[in-house]
Structures are given as structure tokens and as C-alpha cells.
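*Asks:*
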Amino acid sequence: MTSLFRPALSKMLPYTPGEQSAPGKVIKLNTNENPYPPCPAVVKAIQEAATGNINRYPDPMATAFRHAAADALGLPGPEWVLAGNGSDEILTMLVRGFVGEGEKLRLPYPSYILYRTLADIQGASWEQVPFNDDWKLAAEFGETSDKLKLVLLPNPNSPSGTIVDQEEVAAIANSLDCPLVVDEAYVDFANQNCLELVQQNERVMVTRTLSKSYGLAGVRFGFLIAQPQIIANLAKIKDSYNCDAISIAAATAAMSSQDWLKDVVAKLNATRARMETKLTELGFHVTPSHANFVWCQHPDGNHQSRYEYLKANQILVRYMQFPDWGDGLRISVGTDDQIDACLMMLERFS
Ligand code: PMP
């Protein structure tokens, strides 16, 4: 059967996201979702959209959303925004748009594994540049190279939750001759972003998602911020109606609810600080996080058994292992009760 497919596909491994579980039964701290329900204005917008003109196709360019995003983020106008079915779809469009078969993309290591899958699908190759020990980027990350067509930087990074500062990102962008995509899926939990750079340098593009801070992972909505000529060209390769009417309504209401966002982020960041302190007390090495998860490693190296112990006690966290680098636990920031339960189990583990 596989022989019917392009050779690039028969060799590739699928991307597997974190495991799902029956809602309510398990404390789910493994895929960096927001544990709180979305803003009431979003729920209302979904209800209205569901009882509205659902027999009609949605707006192919999600115009209302683009206006709301430009207003909320202080962008020059809606033509700087492109909406997608989750930021994963935006990343797919970027790889399709910039990287041809036989060409190459670059990512830091360890980081978001999906980028490699997208290169594989495209019949392109990928190269990983390891982070330095202090989670700074090695000089190689900004070097030009033959066939290199796209560089992807999750910022804040996953699984580490670390952030590369704006000046460093600007310097990398200036030294490259291809686009630099800054994946800001977790940026609302940090205290800096790269939106100014997008306006200064047409090769810098930023991806965002509504799956994390906005609490809308189930809706599937992400977007790109880039200079208008980039947006116009990428729009040519998107699916005709890539975002449905209900998602567009939800995302538009979410972008217009920035006060709600600030409150929920403050709450999650306070829980994160508490998690970091307690995990340190429990003997973990905790990487200071700028995202809604915490990367921690115990000197005894028993990460997989801790993951299994938590799972046996109905708590799902992410055990991650990176060849030639190491392993650890990535724990999403949940509600205070969920985190207390997780920390109590980790304390009991022996
Ligand atoms: N970028 C990074 C770094 C992520 O961790 C994730 C979540 N898996 C995404 C992008 C994708 O988010 P979504 O497709 O839900 O917008």
C-alpha cells in the first residue's frame, strides 16, 4: 500500500500529539491547554454563530477576525493578518509557501517536533541547531546555508519555556537571507514579543494561536502576522474556506476580550510561579518558564517512572525524551487544585 505514495511519505514518521483522555476523569496537564473555560463573550458568539447563517459558506478571509486582531495587537491594519485552522495550519502554509522539495528548513533543538514532520511531508530536509546550555541560540542558528529556505523559532520555546530576547531574534533575522518565523504560541505568558520586528523586517513573521492563553484549543484557530505582501501571497495557497463560521465568530470575540485575557494569564502565571517553587523544593531542576508549562528534570533521572506513577493516579503530564540531549517532564499549568494534586503525587513518589 505504501508504495502508492510519494517516496517522501513512505519514509516519514507521523507527528503524534500528547495523549487524550476522557474529560473529567483525568487531570490533564500534558498538552498546554488552558484549564479555565473561555471568556463568556466567546461562548455567546459561538451560540449565535451556530444559530445563524450556518447554511452559508464562511468568509474565506475571516475579515472580522483580521480587524479584531489588528486592533487588539496594534497592527497597522487587517492586511497584516492571515487566519488559519490552528497555528499548525499556518505553519503548514509557511512550509508549503517557502520550502520546495529538496530544500531545507532549520529549527532549534530541542523544540517543536511538528516542524520536522512538515518538512518531511514536503519532501524537504530539516536541520536542528542545538540550544546552548543556557538556552541561548548558537551562532550557527543565524548562518546562511545552501538550500536553507525557512528558519523556525518557537519563542517561548517548548519544552523548555525559555525565551530568546528580541535583540537576539533581530540579529538572527538580519544575518539570514530567508524568512524567520517566530512561533509565538505561548507569548501571552511572557513579557516580550516580536511584533515590532515584523514591521521592521519583511523576512520576520510571527505565528499565534488561540489554543493556549485564550482557552480555545477545541475551536482550532491560529493566525500569522506578516507584512501585507507576504500575507497576500500565502493566502493563495490556503484552503478555500480554511476557518469555519463558528471558529471565526469565537476567535473574533476572543480577540476583542483582552481584559479577560490579561486576568486569565495573570492567574496562570501566579500558579506557574508556585509550581516552580514547589518543584524546586522537591529536588527538581526547574527551567524558569515564560509559558503555561514548566520543564523539570530530577537529578535521579527517574522521569519516565514519575510520568507512569502520575498516570496511574489519573494525572497526565508529558514525558519527553530527546535523543543525544536528555529527558524530563513537561507539566502544563492547570488550576490551583489540579497543580496541588500533581505536586502532592510527585512528593509521594519514591
Ligand atoms: N507551536 C507550538 C510551539 C506548539 O507547542 C503548539 C501546540 N502543539 C502549536 C504551535 C500549535 O498550536 P495550534 O495548532 O493548536 O494553534
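If you want our numbering, it's the 1-based position in the sequence shown plus 47.
The C-beta atom is built at its ideal place from N, Cα and C for all residues, glycine as well.
Model, not experiment: these values are computed from the prediction.
#1: Helix, strand or coil: which one does DSSP assign to Gln94?
#2: What's the call for Glu95, buried or exposed, on a 16-neighbour Cβ count within 10 Å?
#3: For Leu363 and Gln351, what's the separation of their Cα atoms in angstroms?
#4: Can you tell me which of the three DSSP states Trp127 falls into?
#5: State buried or exposed for Ser222, treating a residue as buried only when at least 16 other CB atoms are found within 10 Å of its CB.
#6: Take every Cβ of the segment 142-158, pair it with every Cβ of the segment 266-274, and state whether three or more of those distances are shorter than 8 Å.
#7: Using only the alpha-carbon positions, how far apart do Phe236 and Ser260 sit?
#8: For the beta strand (DSSP E) that contains Tyr156, what are its first and last residues?
#9: Following a CB-centred definition, is Ser379 positioned closer than 7 Å to any heavy atom of ligand 1?
#10: Using the three-state DSSP reduction, which class does Phe52 fall into: helix, strand or coil?
#11: Run the Cβ filter for me: residues under 5 Å from any heavy atom of ligand 1, listed in the order they occur in the chain.
#12: I need the boundaries of the alpha helix (DSSP H) containing Lys325, first residue and last residue.
#13: By the DSSP assignment, the alpha helix (DSSP H) with Val142 in it spans what residues?
#14: Relative to the alpha-carbon of Glu249, which residue among Asp224, Thr382 and Asp230 has its alpha-carbon at the smallest distance?
#15: Counting along the chain, where does the alpha helix (DSSP H) carrying Gln246 start and finish?
#16: Is it a yes or a no for the segment 271-290 touching the segment 128-147, going by three-plus beta-carbon pairs under 8 Å?
#17: For the beta strand (DSSP E) that contains Lys196, what are its first and last residues?
#18: Could you tell me the alpha carbon to alpha carbon distance between Val89 and Ala298, rounded to whole angstroms?
#19: Give me the Cα-Cα distance between Arg365 and Thr78, rounded to the nearest whole angstrom.
#20: Tell me whether the segment 161-169 and the segment 206-218 touch, counting them as touching only if at least three CB pairs, one residue from each stretch, are closer than 8 Å.
*Replies:* Based on what the coordinates show:
#1: The sequence position of residue 94 within the sequence shown is 47, counting from 1. Looking at Gln94 - three-state DSSP - the assignment turns out to be helix.
#2: Numbered from its first residue, the sequence shown carries residue 95 at position 48. When all chains shown are included, Glu95 counts as exposed.
#3: The sequence position of residue 363 within the sequence shown is 316, counting from 1. The sequence position of residue 351 within the sequence shown is 304, counting from 1. Distance between the alpha carbons of Leu363 and Gln351: 12 Å.
#4: The count along the sequence shown starts at 1 and reaches residue 127 at position 80. Reduced to three states, the DSSP call for Trp127 is helix.
#5: Here residue 222 refers to the residue found at position 175 when the sequence shown is read from its first residue. Burial call: exposed.
#6: no
#7: On the sequence shown, residue 236 is found 189 positions in, with the first residue counted as 1. On the sequence shown, residue 260 is found 213 positions in, with the first residue counted as 1. So the alpha carbons of these two residues sit roughly 7 Å apart.
#8: As a first step, residue 156 is located in the sequence shown; it is residue number 109 there, counting from the start. Tyr156 -> beta strand (DSSP E) spans Lys151 to Tyr156.
#9: The residue labelled residue 379 in the question sits at position 332 within the sequence shown. For ligand 1, not one heavy atom lies less than 7 Å from the Cβ of Ser379.
#10: Along the sequence shown, read from residue 1 onward, the residue named residue 52 stands at position 5. DSSP places Phe52 in coil when its eight states are reduced to three.
#11: Gly133, Ser134, Asp135, Tyr159, Pro201, Ser205, Asp230, Ala232, Thr256, Ser258 and Gly269
#12: For the purposes of this step, residue 325 is identified with residue 278 of the sequence shown, where counting begins at 1. Taken as a continuous stretch (DSSP letters only), the alpha helix (DSSP H) holding Lys325 covers Gln305 to Glu328.
#13: On the sequence shown, residue 142 is found 95 positions in, with the first residue counted as 1. Note, Val142: alpha helix (DSSP H), Ser134 to Phe145.
#14: Start at 1 with the first residue of the sequence shown, and residue 249 comes out as number 202. When only C-alpha atoms are compared, the closest one is Asp224.
#15: Counting from one through the sequence shown, the residue named residue 246 turns up at place 199. Start and end: Leu242 to Gln247.
#16: yes
#17: Residue mapping note: residue 196 aligns to position 149 of the sequence shown, counting from 1. Start and end: Leu195 to Pro201.
#18: By 1-based counting over the sequence shown, the position of residue 89 is 42. By 1-based counting over the sequence shown, the position of residue 298 is 251. Val89 and Ala298: Cα-Cα distance of roughly 7 Å.
#19: Counted from its first residue, the sequence shown places residue 365 at position 318. Counted from its first residue, the sequence shown places residue 78 at position 31. Whole-angstrom Cα-Cα distance: 8 Å.
#20: no
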